[in-house]
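Okay, so the sequence shown: first residue is 335 according to this note's numbering, each after it adds one. Where is the CB? At the ideal position from N, CA and C, for every residue including glycine. Okay, structure first, notes after.
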Amino acid sequence: MKAGAVMLLLSAAGAYCGTDVVYNPTIQAYLDGIDTTNFTTDADEPPSFATAGSAEPTCFVYFRRCNPVYFYQNWFLDRASNITLGAKFFADAELIVQDDKPVDGMLPSVQTITSTAVTDATTKGWKVGGRLGGEVGAEGAKGVLEFTGEYGEQWSKSTTETTQLAVTAPCPGNTRCTIETVTFYATFRGRCRARPVINCGGEMDACRADAWGCSQFESYRAKSCGGDLEDLPCSFTTPIIGTNGKPVAKNIIRRTPLAGRPDTLRRRGVVGDDVDSEVEFISV
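As structure tokens, this is what we get:
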């Protein structure tokens, strides 16, 4: 396979926002609390990307184990050149107050009884999740990312999970107030290394030292394992997952001063952040 073709597959665009998004300072402070320099890779189940390969009738020695046999390459993370973090927002409730007149002696309130966490799919073809450990925001400490292939195809599709959450918050006059659920994602850019695979009833390392006893397998090893294994640019984007195996989700209250008529406000609940709004995390 040509290097350019592999690069195209490894860097297939996902549904996430670009990395040039400017976030509200409160959201950015949370993202800054995650260490992107000292990330780790799951040694037992590393992230991987399986390239398109070929299927052939199996040689006689292994015929009872499988037919056909598959030949392809798995790509594994080698080193990172850049890891960026981002956030995705879902508005669970919204209230626009055009004046500051109390209602029955009280300020209007925005309220919700649910929290909806929305995640986009991992970049197509990748078996990976970004697992977050440690305490984000803890004094003198940062959350640490581990990229793992443990989750398999779990994040190959976009997900929406709604849970119960009872929150009521006052909304002052001339303000748009929302209660939102925030999820997070990581984008990895770096280098990946190829590992040739023979799949006959399960994946086998094509470059293993001992003999296969099958000229078909020996031929693939000679063709694929000579010299250094290929090292190519690669990238992926994946949801950030908690130690409980679910997306990391935080709830916020956002208060945005009205600038002009309310019906001209840009609806930001599911498409982006608002750097000028007042944002606070909800402790639940």
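Item                                                                                                           : Value
Assigned secondary structure, Arg484 (DSSP; H/G/I helix, E/B strand, else coil)                                : The question names Arg, but residue 484 is Glu in the sequence shown. If DSSP states are grouped into helix, strand and coil, Glu484 belongs with coil.
Local conformation of Lys491 per DSSP, three classes                                                           : coil
Residue span of the alpha helix (DSSP H) that contains Tyr357, given as start and end                          : Counting along the chain, Tyr357 falls outside any alpha helix (DSSP H), and DSSP gives it neither H nor E.
Integer-rounded CB distance, given that Val531 should sit under 8 Å from Ala540                                : 6 Å
Nearest-angstrom Cα separation, counted from Glu564 out to Tyr485                                              : 26 Å
Asn372 classed as buried or exposed, judged by whether at least 16 other C-beta atoms fall within 10 angstroms : exposed
Three-state secondary structure (DSSP) of Gln432                                                               : coil
Distance between Ser382 and Val403 (C-alpha atoms, nearest Å)                                                  : 20 Å
Buried versus exposed, by CB contacts within 10 Å (16 or more), Glu469                                         : exposed
Rounded C-alpha distance that separates Val609 from Ala503                                                     : 20 Å
Cβ neighbour criterion (16 or more within 10 Å) applied to Cys431                                              : The sequence shown places Val at residue 431, not Cys. Val431 should be labelled buried.
Beta-carbon separation (whole angstroms), Ile368 vs Gly477, contact threshold 8 Å                              : 4 Å
Residue from Gly576, Thr448, Thr496, Ala583 with nearest C-alpha to Glu428                                     : Thr448
Outcome for Ala347 when other beta-carbon atoms lying within 10 angstroms are tallied against a minimum of 16  : A caution first: Ala347 carries a pLDDT of 31, below 50, which makes its placement in the model unreliable, though a value can still be read off. It is exposed - the Cβ of Ala347 has fewer than 16 other Cβ atoms within 10 Å.
contact_flag[the segment 491-498, the segment 412-422] where n(CB pairs < 8 Å) is 3 or more                    : no
Cys394 - DSSP class collapsed to helix/strand/coil                                                             : It is worth fixing the name first, because residue 394 is Phe in this sequence and not Cys. Helix.
Whole alpha helix (DSSP H) elements within the segment 547-572, 4-residue minimum                              : 549-558
Closest by C-alpha distance to Gln445, when choosing among Tyr406, Leu466, Gly483, Ala500                      : Ala500
Range of the contiguous beta strand (DSSP E) that encloses Asn578                                              : Where Asn578 is concerned, there is no enclosing beta strand (DSSP E), given that its DSSP letter is neither H nor E.
Host beta strand (DSSP E) of Asn372 (start-end)                                                                : 368-375
Alpha-carbon spacing of Met538 relative to Pro573, whole angstroms                                             : 29 Å
Distance between beta carbons of Thr515 and Asp426, contact taken as under 8 Å                                 : 6 Å
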